[in-house]
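Under our numbering, the residue at position 217 of the sequence shown is numbered 218, and the numbers go up by one with no gaps. For each residue, glycine too, the CB sits at the ideal point set by N, CA and C. Report on the structure given below.
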Amino acid sequence: MTMGTAIITGASSGIGAVYAERLARRGYDLVLVARDRGRLAALAERLAKEHGVAVTPLAANLTRDSDREEVLTMLREDEGLSLLVNCAGIAPNAPLLNSERGGLESMLHLNVDVLHSLAVTAAQAFAGRRRGAIINIASVVALMPERFNASYCASKAFVLAFTQAISAELNPYGVQVQAVLPGFTRTELFERAGVDIAAIPPEMIMEAGDMVDAALAGFDRGEVVTIPSLADVQLWSDLENARLALAPYLSLKQPAARYKVGTGAP
Ligand SMILES: NC(=O)c1ccc[n+]([C@@H]2O[C@H](COP(=O)([O-])OP(=O)(O)OC[C@H]3O[C@@H](n4cnc5c(N)ncnc54)[C@H](OP(=O)(O)O)[C@@H]3O)[C@@H](O)[C@H]2O)c1
2 MTMGTAIITG ASSGIGAVYA ERLARRGYDL VLVARDRGRL AALAERLAKE HGVAVTPLAA
62 NLTRDSDREE VLTMLREDEG LSLLVNCAGI APNAPLLNSE RGGLESMLHL NVDVLHSLAV
122 TAAQAFAGRR RGAIINIASV VALMPERFNA SYCASKAFVL AFTQAISAEL NPYGVQVQAV
182 LPGFTRTELF ERAGVDIAAI PPEMIMEAGD MVDAALAGFD RGEVVTIPSL ADVQLWSDLE
242 NARLALAPYL SLKQPAARYK VGTGAP
């Protein structure tokens, strides 16, 4: 059985470009999506030559409706597609109070709306075919919203919650879904945002190759959530178990007694 075709957004640089290389090495044919036509063409030519797979560069600005529709049509109609890697994303360079609202909204459009529309379309197509997988690139800031720009953190929290939810829904159809939560990873993300990566402690920065290799190892193990730098996976399990322990108490007829509602008490 062939690996099929992986479609990778944000494939022209950083994490997406590493996924392209690693998936080509695994024998996937590729569709590489980003805006920079020249970089995509060069990467496609190199990967096809080095790995003997078919690589199609698809230049698209995913925040432009017509470009995005081209990718959505491919997801709906190309029966050979077996993996979507949702990686295109941007980051801000300042806290919320120092950011232009328009810039934050553009970021949310790419990080949330675009990722969502691609993932929904892939989920429906893959479920119909009973085959396929979706990898969504989130971030550890989904778990640390107080530590970084609020809008960016919330965009990545969306990716995490959305992935956990669709994983549960798609599992019965044989479709695998994974959220990857990188910490700081050495890519162009910082330069593009105007952030000096030298200001970040080096022991907190992972090389993009290591990050993707760990994420793919998690994918091979069937992890729904992969945190590449987390050595003690029990810490994540504890958080999940604590979250799920809330379930019986989250929606009840009566307000909790500690709010003293209806008791006449002040
Ligand atoms: N680096 C980190 O520390 C880090 C940590 C956690 C999560 N992440 C996440 O990892 C993902 C990849 O980022 P990266 O670190 O690899 O940064 P990167 O090197 O800047 O890559 C971003 C990619 O997104 C593409 N892109 C940006 N806007 C686009 C648009 N409108 N339409 C289509 N493609 C677009 C870029 O290509 P073009 O310019 O050619 O369009 C590029 O290929 C992002 O979702 C980011 O939030 C990164």
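- Can you list the beta strand (DSSP E) stretches of 3 or more residues lying completely in the stretch 45 to 121, in chain order? 56 to 60 and 82 to 87
- Message: Here's a check: name, in chain order, each residue in its chain whose Cβ is nearer than 8 Å to the Cβ of histidine 110, leaving out the five neighbours to either side.
- Response: Thr64
- Message: Is cysteine 154 close to ligand 1? I mean its beta-carbon at under 7 Å from any heavy atom of the ligand.
- Response: no
- Message: Does threonine 6 come out as helix, strand or coil in the three-state DSSP assignment?
- Response: strand
- Nearest to leucine 59 by CA position, among Glu71, Asp211 and Glu51, is which residue? Glu71
- Query: Assuming leucine 76 and threonine 3 make a contact with CB atoms under 8 Å, what is their CB distance in whole Å?
  - Reply: That pair is no contact at about 18 Å.
- With 16 other Cβ atoms within 10 Å as the buried cut-off, status of arginine 193: So arginine 193 ends up on the exposed side.
- Message: Would arginine 23 and valine 213 qualify as a contact pair, given that the criterion is a beta-carbon distance under 8 Å?
- Response: Valine 213 sits close to arginine 23, with the two beta carbons spaced by under 8 Å.
- Item | Residue environment, lysine 50, which counts as buried when at least 16 other CB atoms sit within 10 Å | exposed
- Residue of Ile135, Val141, Ser168 and Phe163 minimising C-alpha distance to alanine 7: Ile135
- Item | Sheet register partners of aspartate 30 (DSSP bridge) | Thr6
- Identify the residues that DSSP records as bridge partners of alanine 134: which are they? Leu84 and Gln177
- Under 8 Å between C-beta atoms of leucine 161 and leucine 119: no
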